[in-house]
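Chemist:
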Amino acid sequence: MPGPINWIIWLVGTLLEGSVVVFALKTNSLRRYLFLNLYMGLSFLVSVGRLEILIRWGYTSLEYAYFYFYSDALLTLGLYFALLNLYSLVFDEMKVERYLRLAAVVLLGGTAWFSYAVINQSSHRLLSHFAFELSQNLYFVGLVLTYVLWGAILKLRETRTRLIQLVLALGIYFSAFAADYALRNLYPNLQPVFQYLTSMLAWILPAAWAYAFLRVNDEARLEPSRLAAVSR
Amino acid sequence: MSRRLIVLLLTMLVLVGAMSLKTVVITHGDGSVIMANGSAPVPPVPWKNGSAPVPPVPWKNGSAPVPPVPWK
Chain A
1 MPGPINWIIW
11 LVGTLLEGSV
21 VVFALKTNSL
31 RRYLFLNLYM
41 GLSFLVSVGR
51 LEILIRWGYT
61 SLEYAYFYFY
71 SDALLTLGLY
81 FALLNLYSLV
91 FDEMKVERYL
101 RLAAVVLLGG
111 TAWFSYAVIN
121 QSSHRLLSHF
131 AFELSQNLYF
141 VGLVLTYVLW
151 GAILKLRETR
161 TRLIQLVLAL
171 GIYFSAFAAD
181 YALRNLYPNL
191 QPVFQYLTSM
201 LAWILPAAWA
211 YAFLRVNDEA
221 RLEPSRLAAV
231 SR
Chain B
1001 MSRRLIVLLL
1011 TMLVLVGAMS
1021 LKTVVITHGD
1031 GSVIMANGSA
1041 PVPPVPWKNG
1051 SAPVPPVPWK
1061 NGSAPVPPVP
1071 WK
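Chains A and B are the protein sequences, given in the same order. For the first sequence, the residue numbers in my numbering are 1 to 232. For the second sequence, the residue numbers in my numbering are 1001 to 1072.
Okay, here's the thing in structure tokens:
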């Protein structure tokens, strides 16, 4: 069973996830950032569901493991759509929704096909393993898409502060997990530290998004610091 | 080239890049979960051990017939 520190980390994470939706409601941002809030709302519900399963069946039970990995695949799918929500907001003035939808469907289909192709070679528990593989593959797709979006934001000289904060938080979130994975493999003897650190990384996204909804006005713009200075 | 084809090309590039990155990372990793949503404690992967076919032993010495593995 998890220790007291694990329970505290989990509780704080769950509260942060719930607070994102509450702050979005409070600032009337729910519809504009619908998929971001759906993802956070779903994360909150899944967290409560995991707690229920963990208490009833135990940490090492198959029930908890399967519920955890199936719900994780669902959440990663939700995160993928949240990322697409950010794409549509960044490119909303270019009227390219049609192409974004096409790219999203092809990318999701391609990832699902790749996941199936991999597990089809090595596993007889197709559905369970597929959910896990799809979740991990979508994570990498999300990582690459976030960096592409950040490049587009720089190129388009985006100035909407809240949108930039939301995208940057997502970039930091993905990058932190990648760095954590690398460090876990470099220093396997520090497992007692990483078991807490990895769980705490999940705070990054809800904390940053909650801050963005609560403190950063949707109309706020960054100062035009990149104006070219022309000599007279 | 139409815009639709350009979109498809870019999408494929993202997919190939992401899957290549994943392959590189997994090859050098310990097989544990890379990313998990939420702060809940990650359970051990239930299907990690057990169902993969046992490979032939690469260090076979001599020409005697190999007995069946008793602990399969």
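Cβ coordinates follow ideal geometry from the N, Cα and C atoms, glycine included.
#1: Taking the Cβ atom as the reference point for each residue, do F174/A and G151/A lie within a distance shorter than 8 Å?
#2: Roughly how far, in whole angstroms, is the beta-carbon of A82/A from the beta-carbon of L36/A, given that I think they are within contact range, below 8 Å?
#3: Assuming V90/A and V1014/B form a contact by the criterion Cβ under 8 Å, report the distance between their Cβ atoms to the nearest whole angstrom.
#4: For P4/A and chain B, any beta-carbon pair shorter than 8 Å?
#5: Following the continuous alpha helix (DSSP H) through F91/A, name the residue where it begins and the one where it ends.
#6: Which residues, in chain order, does the region 9 to 26 of chain A contribute to contact with chain B at a C-beta distance below 9 Å?
#7: Can you round the beta-carbon distance between Y181/A and I1034/B to whole angstroms, since I take them to be within the 8 Å contact cut?
#8: Of the choices D92/A, A169/A and R32/A, whose alpha-carbon is the least far from that of A210/A?
#9: Please return the same chain residues whose Cβ sits closer than 6 Å to the Cβ of A104/A, not counting the five positions on each side in sequence.
#10: State yes or no: is the C-beta of A176/A nearer than 7 Å to some heavy atom of the ligand COA?
#11: Please list, in chain order, all residues of the same chain as A1036/B whose beta carbon is under 7 Å from its beta carbon, the five residues on each side excluded.
#12: So with Cβ pairs under 8 Å, would you call V1025/B a contact of chain D?
#13: How about R50/A and S71/A: are their beta carbons less than 8 Å apart?
#14: Rounded to whole angstroms, what is the Cα-Cα separation between W203/A and G1017/B?
#15: Are the beta-carbon atoms of V1076/B and F132/A separated by less than 8 Å?
#16: Mind checking whether T146/A and G171/A have CB atoms under 8 Å apart?
#17: Using a cut-off of 8 Å between C-beta atoms, extract the partners of G151/A located in chain B.
#18: What is the rounded straight-line gap between the Cα of L79/A and the Cα of Y39/A?
#19: Return the chain-ordered list of same chain residues with a C-beta closer than 8 Å to the C-beta of I164/A, the five sequence neighbours on each side being excluded.
#20: What does a CB cutoff of less than 6 Å around F194/A pick up in its chain, not counting 5 residues either side in sequence?
#21: If you compare alpha carbons, which of D218/A, A208/A and V20/A is closest to L236/A?
#22: With 8 Å set as the bound, which would you pick, yes or no: does the beta-carbon of N137/A sit closer than that to a beta-carbon of chain B?
#23: Using a cut-off of 8 Å between C-beta atoms, extract the partners of A82/A located in chain B.
#24: Out of R215/A, L138/A and Y68/A, point me to the one whose CA is closest to S1039/B's CA.
Modeler: Looking at the coordinates:
#1: no
#2: A82/A to L36/A, Cβ: 5 Å. Contact.
#3: Not quite, the Cβ-Cβ distance comes to about 16 Å (not below 8 Å), so this is no contact.
#4: no
#5: For F91/A, there is no enclosing alpha helix (DSSP H), as DSSP gives it neither H nor E.
#6: Flagged, chain order: I9, W10, L11, V12, G13, T14, L16 and E17.
#7: 5 Å
#8: A169/A
#9: L84
#10: Of the ligands one can find in the structure shown there are none, so the ligand COA has no counterpart to examine.
#11: V1042
#12: Reference to chain D is not applicable here, since the protein chains of this structure are A and B.
#13: It is a contact, given that the beta carbons lie within the stated cut-off.
#14: 27 Å
#15: Not covered by the structure: residue 1076/B. The range shown for chain B is 1001 to 1072.
#16: yes
#17: Ordered by position in chain B, no residue passes the 8 Å Cβ test against G151/A, which lies about 12 Å from the chain.
#18: 6 Å
#19: I153, E158 and L222
#20: R184
#21: Since the displayed chain A opens at 1 and closes at 232, residue 236/A lies outside it and no answer follows.
#22: yes
#23: Within chain B, no residue comes near A82/A; the closest Cβ sits about 11 Å away, beyond 8 Å.
#24: Y68/A
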